[in-house]
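Under the numbering used here, residues 57 to 300 are what the sequence shown spells out, in order.
Backbone N, C-alpha and C define an ideal beta-carbon position, used for all residues, glycine too.
None of these values were measured; they are calculated from a predicted model.
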Amino acid sequence: MPLARGWMVWAERAPERYDWAVRVMTLGRLDRIKDEIAERVGVGDAVLDIGCGTGTLAARCLARGARVTGLDASEPMLRRAAVRAANEGRAERLTLVHDNVVRIAQHFRDNQFDVVTATMVLGEIPRERLRPVFRECWRVLKPGGRLVVADECWPRTRPARALYRLGMAVLWIPQLLLLRRPLFPVHDLEGTVRDAGFRLVESRAYPGTSFRLVAAVKMPDATPVLNRCAPGVAAVGVGEAWVV
């Protein structure tokens with residue numbers, strides 16, 4: 057769904073239209089996926105939501121009694137997330153961090169969270185930087201902690217890949233004109249998660265879409281396959297954090 061992602065990135069520039077744009081372009085599917093993710097969160101869980109956007113997933117987790125830390129590079133989106141939590145009377149359990157998702161190491165300690173979540177942000181991270189992001193997710197999770205992510209992924213079957221490439225080719229020029237940069241549907245999401253030291257417990261495709269949900273657990277005796285990203289690789293972020 058390259059057009060869906062393109063419109064959503066455009067909509068991020070005006071957070072007041074972002075949630076509506078997401079709902080329209082995904083036909084409500086992403087809302088249902090976020091509901092499924094939130095169902096895996098329990099009372100008292102410490103949740104890190106990377107690329108939290110306007111806080112729609114964070115709000116669902118807060119409603120289930122979790123404490124949520126949201127990380128996002130867009131200050132306007134974070135402001136909207138803060139307002140959402142305040143309006144729902146749950147602001148005291150929400151912490152927001154203004155920075156790029158590839159800079160997790162700058163903000164969080166080892167074994168800090170019970171759950172790490174992400175929706176529709178992994179595909180915006182270049183492939184060579186996605187592996188270090190997952191290794192940082194592994195580091196900040198407690199032993200036995202859960203990773204639950206959902207994003208647009210390259211299809212697995214040859215016919216589906218051909219159709220997807222056709223869509224990407226048709227939309228390549230409009231995408232660049234609209235976003236001024238390419239987008240990166242996730243390749244081998246499950247393998248990347250495994251390489252980070254996780255045990256995969258679920259991988260679910262959604263018919264008629266390129267969305268895939270992956271759930272995994274941090275095993276106490278596991279270690280990441282690859283070395284940690286070099287300091288110079290991280291993208292620039294403002295590095296601000298505050299409690300709502």
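Mapping DSSP to helix, strand and coil, what is residue i?
i, result
"A114", "helix"
"R255", "strand"
"A261", "strand"
"T248", "helix"
"P276", "coil"
"P199", "strand"
"A138", "helix"
"V242", "strand"
"D101", "coil"
"I160", "helix"
"P215", "helix"
"L233", "The predicted position of L233 is uncertain, since its pLDDT is 44 and thus under 50; no value can be drawn from it."
"P182", "coil"
Below 8 Å CB to CB, which residues in the same chain sit around residue i once its five sequence neighbours on both sides are set aside?
i, result
"L118", "V124, A141, E144, R146, R149, L150"
"Y262", "R85, I89, R268, L269"
"V157", "I106, G107, L127, D128, A129, A174, V177, I181, V189"
Find the nearest neighbour of residue i within the set the options, judged by alpha-carbon distance.
i, options, result
"G200", "T173, D207, K274, A122", "K274"
"P276", "R260, R88, D166, D244", "D166"
"V99", "R120, A115, V257", "R120"
"D75", "R250, V196, R136", "R136"
"V196", "M133, D87, F164", "F164"
"W210", "E180, V139, L245, V249", "L245"
"V139", "T110, R116, E258", "T110"
"G256", "V157, P215, R202", "For the sequence presented, residue 256 should be read as Leu rather than Gly. Of V157, P215, R202, the residue nearest in Cα terms is R202."
"R116", "R250, E184, K198, D87", "D87"
"P215", "E184, S266, K198", "S266"
Between which two residues does the beta strand (DSSP E) carrying residue i extend?
i, result
"F164", "Per DSSP, F164 belongs to no beta strand (DSSP E) and is neither H nor E."
Leaving aside the five residues before and after residue i along the sequence, list all residues of the same chain whose C-beta is less than 6 Å from its C-beta, in chain order.
i, result
"I160", "E192"
"A102", "R123, F169, D170"
"V204", "I93, R96, T173, A271"
"L83", "none"
"R260", "L269"
"E258", "A271"
Tell me which residues share the same chain as residue i and place their Cβ nearer than 7 Å to its Cβ, disregarding the 5 neighbours each side in the sequence.
i, result
"L113", "K90, I93, A94, D105, T173, T175"
"L178", "L186, V205, D207, V242"
"G264", "none"
"T248", "L186, R187, F190"
"W194", "A252, G253, F254, K274, P280"
"R250", "L256"
"E131", "H154"
"R79", "D87"
Just list the residues that DSSP pairs residue i with in beta bridges.
i, result
"L127", "I106, V153"
"L269", "A206, R260"
"A119", "According to DSSP, A119 bridges with nothing at all."
"T173", "D105, V204"
Starting from residue i, trace the alpha helix (DSSP H) both ways and give me its first and last residue.
i, result
"R146", "Looking at the DSSP string, R146 is not in any alpha helix (DSSP H), and its letter there is neither H nor E."
"I93", "85-94"
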